[in-house]
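Student: Taking full-length UniProt numbering, the leading residue of the sequence shown gets 1, the next gets one more, and so forth.
Below you will find the structure I want to go over with you.
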Amino acid sequence: MLKVTTNVHAEPLRVVVIGGGLAGLACSIGLRRSGHKVTVLEKDAVLESPPGGVRIPPNATNILKDWGYKDQLETTSKSMNVFNIIDFETGKSLLHEIWDSIGGTHQVIEKFSQEFRYTSHSACRKLLYDIATELGVEVRLGSPIVDCDLEKITVTTELGEVVEGDFMVGADGSGGFSRRQFGTESKPKGPVLFNLYNAVTPRKVVSDDDSLKDFIEQNAFWGWCGDTHTSSGFFMGEDGDFATHTYTPFDGTEGDWTSESHPKWDHVEPRLKKILEGATSTKCITIRDYEHLDEWVHESGNLVLVGEAAHPLIPCSMQAFGMAIEDAAVLGKLFAHTKSKDKITSLLWAFQDLQQPRYERITTQEFTLIKTMMFPPGEDRQKRDDLLSTKAGNASAVHITHDGHGWAGYQELLGYDAEGEAENWLTEWERIRELDGSLSSPVDDYFNVRVTKSSHRSSWPGSGHPSPAGTPTRRRNEV
Ligand SMILES: Cc1cc2nc3c(=O)[nH]c(=O)nc-3n(C[C@H](O)[C@H](O)[C@H](O)COP(=O)(O)OP(=O)(O)OC[C@H]3O[C@@H](n4cnc5c(N)ncnc54)[C@H](O)[C@@H]3O)c2cc1C
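Listed below in structure tokens is the structure:
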């Protein structure tokens, strides 16, 4: 298994990561794998998450497997081969898809390299923490950052300890210290979009109830679509409890990851009602629109935002963990060849260039999917249900969409090769430098070309502008 490529780097860079959530831990792994000296400073004294389920989409499973963590992934999470979609109010089955019977395991997992896995938030965090510390990342718990000097590249913890690096990675979430360095509010101020109820029901509640035996017997992901409501459910790992994520219209309940709430589940089909009412933990999270950040690289050039600090996603959506791993893969790959501090800012811009359009597409896709699952009765809902029933037996049916992207769009999103894209970017950078006289400065290392914001905006692959080479977007096992 590949460990750390320290031999490649004469002088490892010192990276300070603010926040030890999924994105911070993942990015520490990506950068450590590239040989850098990484310190993670996490506010909490104990790495604990409230109970809750996490989906690991293929774009993340592929990266973790490439990194050599297939075994750890398999002991931490569970793959599924059945996909059920049910009417939220009546319980009527809208789709029952056994991937094996449609060549699913072969087609979806092998041909498209698309394996979805399911686990808990705390298991994901522990997996990343174990990998990071095994690789030699220093994770300091109980170290909230209260101050920083972005020119000197230092952060100060609540206890007054000063930690210095060559650059900083802000991974402290959507309301964190790092995001505030960009002049944003600590709390989202936009309109409430909807509420999320993040619940966990003990396995025993499900296994003891005869009417819920399908949930035990089928190795399935469950999705419920209903009148302005939608829910998804899965077992968190092989013997885990049952997690549900239910999105509802805003009902006046304001909350966050710590807010326990037990609503009445009226107008909910009987089996889901039992599951929701049998939950031992139900957190109500209010979902608001966030202030969009145009730039993720601080003007000092020394701080980059990743994960939710850069771009908040819909909580518990499919890509929360996926994008944390992708950020790590891109950052790690970009910094894999770095020898000089002069290259840092350019590579941080490259990270933004690669991941910002990706986040924008993912966010659009996640919103579209959730909205499609919440259609009130009417033409759109009928169209959706017809589509599901007519497409049964066809892998494309598992990804319903009304946004025009369709199966091909999902293929691209889920089969995205983040490391390959970062590699393309580096190759392209070298090529542009060779072609462009203004960039062929008398240096013997192309990384010494410092990319300014303006040149970055107009030239680089991934920026939304046509790349000079017309480099195609790379996907795994492209078909
Ligand atoms: C408590 C919690 C529970 C969640 N549970 C689920 C779930 O069950 N399912 C799901 O799909 N998604 C869940 N999410 C969302 C999910 O974690 C994120 O969507 C995504 O994984 C990206 O996380 P992140 O690392 O970017 O940010 P976050 O998860 O917000 O992590 C940020 C980290 O930074 C730390 N931090 C904050 N301020 C400072 C500071 N000043 N100094 C040092 N450290 C700081 C925080 O303690 C935290 O560990 C949860 C998020 C939170 C905050």
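We treat Cβ as the ideally placed atom computed from N, Cα and C, and that holds for glycine.
Note that the coordinates shown come from a computational prediction; the quantities given were computed from them, not determined experimentally.
Among residues of its own chain, excluding the 5 on either side of Ser211, which ones have a beta-carbon nearer than 8 Å to its beta-carbon?
Tutor: In the sequence shown, counting from the first residue as 1, residue 211 sits at position 211. If we look at Ser211 and ignore the five residues flanking it on each side, its Cβ neighbours are Pro270, Arg271, Lys274.
Student: Return the residue from the list Tyr290, Lys371, Glu326 that minimises the CA-CA distance to Ala418.
Tutor: Taking the sequence shown and counting its residues from 1, the one referred to as residue 418 is at position 418. When only C-alpha atoms are compared, the closest one is Glu326.
Student: Are the Cβ atoms of Lys283 and Ser317 separated by less than 8 Å?
Tutor: For the purposes of this step, residue 283 is identified with residue 283 of the sequence shown, where counting begins at 1. For the purposes of this step, residue 317 is identified with residue 317 of the sequence shown, where counting begins at 1. Not in contact: Lys283 and Ser317 (Cβ atoms no closer than 8 Å).
Student: Could you name the residues that DSSP lists as bridge partners for Thr39?
Tutor: Position 39 of the sequence shown holds residue 39. Beta-bridge pairing links Thr39 to Val16, Glu138.
Student: Determine, using beta carbons only, whether Ser389 comes closer than 8 Å to chain E.
Tutor: In summary, chain E is missing from the structure at hand, where a single protein chain is found.
Student: Go through its chain and collect everything with a Cβ distance to Cys27's Cβ below 7 Å, but skip five positions before and after it.
Tutor: Within the sequence shown, the letter at position 27 stands for residue 27. Once the five neighbours on either side are set aside, the close Cβ partners of Cys27 are Val17, Val169, Ala171, Val306, Asp327, Ala328, Leu331.
Student: Could you tell me which whole alpha helix (DSSP H) segments of length 4 or greater appear in the segment 295-378?
Tutor: Listed in chain order, the complete alpha helix (DSSP H) runs (minimum 4 residues) inside the segment 295-378 are 307-310, 320-334, 344-373.
Student: Does Tyr197 come out as helix, strand or coil in the three-state DSSP assignment?
Tutor: As a working note, residue 197 is residue 197 in the sequence shown. Note: Tyr197 maps to strand in three-state DSSP.
Student: Please report how far the alpha carbon of Asn424 lies from the alpha carbon of Pro357, in whole angstroms.
Tutor: For this step, residue 424 is matched to residue 424 along the sequence shown. For this step, residue 357 is matched to residue 357 along the sequence shown. Going from the Cα of Asn424 to the Cα of Pro357 covers about 16 Å.
Student: Counting only the same chain and skipping the five closest in sequence on each side, list residues whose C-beta sits under 6 Å from that of Val205.
Tutor: Taking the sequence shown and counting its residues from 1, one reaches residue 205 at position 205. If we look at Val205 and ignore the five residues flanking it on each side, its Cβ neighbours are Gly278.
Student: If you pair each beta-carbon of the segment 224-237 with each one of the segment 61-72, do three or more pairs fall below 8 Å?
Tutor: Segments in contact, no.
Student: Ligand 1 heavy atoms versus the CB of Trp257: any closer than 7 Å?
Tutor: Your numbering for residue 257 matches position 257 in the sequence shown. Checking every heavy atom of ligand 1 against the Cβ of Trp257, one is found closer than 7 Å.
Student: Whose C-beta lies closer than 8 Å to the C-beta of Leu313 among residues of the same chain, with five residues either side of it excluded?
Tutor: Reading the sequence shown from its first residue, position 313 is the one you call residue 313. These residues qualify, in order along the chain: Gln319, Ala320, Met323, Tyr359, Ile362, Thr363, Glu366.
Student: By the 10 Å Cβ neighbour count, where 16 or more other Cβ atoms means buried, how is His229 classified, buried or exposed?
Tutor: Taking the first residue of the sequence shown as position 1, residue 229 is located at position 229. Label assigned to His229: buried.
Student: Identify which residue in Gly301, Phe215, Asp342, Glu217 has its Cα closest to the Cα of Gln352.
Tutor: The sequence position of residue 352 within the sequence shown is 352, counting from 1. Nearest of Gly301, Phe215, Asp342, Glu217 to Gln352, Cα basis: Gly301.
Student: As an exercise, report each continuous alpha helix (DSSP H) stretch of at least 4 residues that is fully enclosed by the segment 214-285, in chain order.
Tutor: Segments of the alpha helix (DSSP H) lying fully in the segment 214-285: 270-277.
Student: Helix, strand or coil, according to DSSP, for Ile145 in the structure here?
Tutor: The residue you call residue 145 lines up with position 145 of the sequence shown. Residue state, collapsed to three classes: strand.
Student: Quick one: using the 10 Å Cβ neighbour count with 16 as the cut-off for buried, is Ser207 buried or exposed?
Tutor: For this step, residue 207 is matched to residue 207 along the sequence shown. It counts as exposed.
Student: If the criterion is Cβ atoms closer than 8 Å, does the pair Gly415 and Pro57 meet it?
Tutor: Here residue 415 is taken as the residue at index 415 of the sequence shown, counted from 1. Here residue 57 is taken as the residue at index 57 of the sequence shown, counted from 1. Contact flag unset, no.
Student: Leaving out five residues before and five after Leu413 in sequence, what residues of the same chain have Cβ atoms less than 7 Å from its Cβ?
Tutor: Against the sequence shown, residue 413 aligns to sequence position 413. Closer than 7 Å at Cβ, skipping near neighbours: Arg361, Ile362, Gln365.
Student: Give me the Cβ distance between Leu41 and Ile145, rounded to the nearest whole Å; I'm assuming they're in contact under 8 Å.
Tutor: The residue you call residue 41 lines up with position 41 of the sequence shown. The residue you call residue 145 lines up with position 145 of the sequence shown. That belief holds up - the Cβ atoms of Leu41 and Ile145 are roughly 6 Å apart, short of 8 Å.
Student: Can you say whether Glu48 is buried or exposed, counting buried as having 16 or more other CB atoms within 10 angstroms of its CB?
Tutor: Counting from 1 along the sequence shown, the entry for residue 48 is found at position 48. With fewer than 16 other Cβ atoms within 10 Å, it is exposed.
Student: Quick check on Glu97: does DSSP put it in helix, strand or coil?
Tutor: Translated into the one-based positions of the sequence shown, residue 97 becomes position 97. Reduced to three states, the DSSP call for Glu97 is strand.
Student: For residue 482, report the span of its alpha helix (DSSP H) as first-last.
Tutor: Given that the chain is displayed from residue 1 to residue 479, the structure contains no residue 482 and the question cannot be resolved.
Student: Between Cys225 and ligand 1, is there a pair consisting of the residue's CB and a ligand heavy atom that are separated by less than 7 Å?
Tutor: Locating residue 225 in the sequence shown gives position 225, where the first residue counts as 1. Every heavy atom of ligand 1 is 7 Å or more from the Cβ of Cys225, so no.
Student: I need the boundaries of the beta strand (DSSP E) containing Gly160, first residue and last residue.
Tutor: Along the sequence shown, one-based indexing puts residue 160 at 160. Taken as a continuous stretch (DSSP letters only), Gly160 belongs to no beta strand (DSSP E), as it is neither H nor E.
Student: Rounded to the nearest angstrom, how far is the Cβ of Ile29 from that of Leu128, given a contact under 8 Å?
Tutor: For the purposes of this step, residue 29 is taken as residue 29 along the sequence shown, with counting starting at 1. For the purposes of this step, residue 128 is taken as residue 128 along the sequence shown, with counting starting at 1. Yes, Ile29 and Leu128 are in contact; Cβ-Cβ is about 7 Å, under 8 Å.
Student: When we look at the beta-carbon of Asp239 and count the other beta-carbons within 10 Å, is it buried (16 or more) or exposed?
Tutor: Taking the first residue of the sequence shown as 1, we reach residue 239 at position 239. Result: exposed.
Student: Is the beta carbon of Arg33 less than 8 Å from the beta carbon of Leu135?
Tutor: Indexing the sequence shown from 1 puts residue 33 at position 33. Indexing the sequence shown from 1 puts residue 135 at position 135. Yes, Cβ-Cβ distance for Arg33 and Leu135 is below 8 Å.
Student: Helix, strand or coil for Glu210, going by three-state DSSP, please let me know.
Tutor: On the sequence shown, residue 210 is found 210 positions in, with the first residue counted as 1. Checking the sequence, you will find Asp at residue 210 rather than Glu. Note: Asp210 maps to helix in three-state DSSP.
Student: Just verifying my parser: in three-state terms, what is the DSSP assignment at Ser174?
Tutor: What you label residue 174 is simply residue 174 of the sequence shown in a count that begins at 1. Correct three-state label for Ser174: coil.
Student: Taking just the CA atoms, how far does Val139 sit from Thr133?
Tutor: In the sequence shown, residue 133 corresponds to position 133, counting from 1. In the sequence shown, residue 139 corresponds to position 139, counting from 1. Thr133 and Val139: Cα-Cα distance of roughly 7 Å.
Student: Express the C-alpha separation of Val155 and Phe234 in angstroms, rounding to a whole number.
Tutor: Translated into the one-based positions of the sequence shown, residue 234 becomes position 234. Translated into the one-based positions of the sequence shown, residue 155 becomes position 155. Distance between the alpha carbons of Phe234 and Val155: 40 Å.
Student: For Leu22, count neighbouring Cβ atoms within 10 angstroms of its own Cβ and tell me buried if that reaches 16, exposed if not.
Tutor: Along the sequence shown, read from residue 1 onward, the residue named residue 22 stands at position 22. Leu22 is buried by the Cβ-count criterion.
Student: Residues in its own chain within less than 6 Å of Glu115 by CB, not counting five upstream and five downstream?
Tutor: In the sequence shown, counting from the first residue as 1, residue 115 sits at position 115. Answer for Glu115: Pro58, Thr61, Ser79, Ile109, listed in chain order.
Student: Are the CB atoms of Pro263 and Ile285 within a distance shorter than 8 Å?
Tutor: Start at 1 with the first residue of the sequence shown, and residue 285 comes out as number 285. Start at 1 with the first residue of the sequence shown, and residue 263 comes out as number 263. Not closer than 8 Å, so no.
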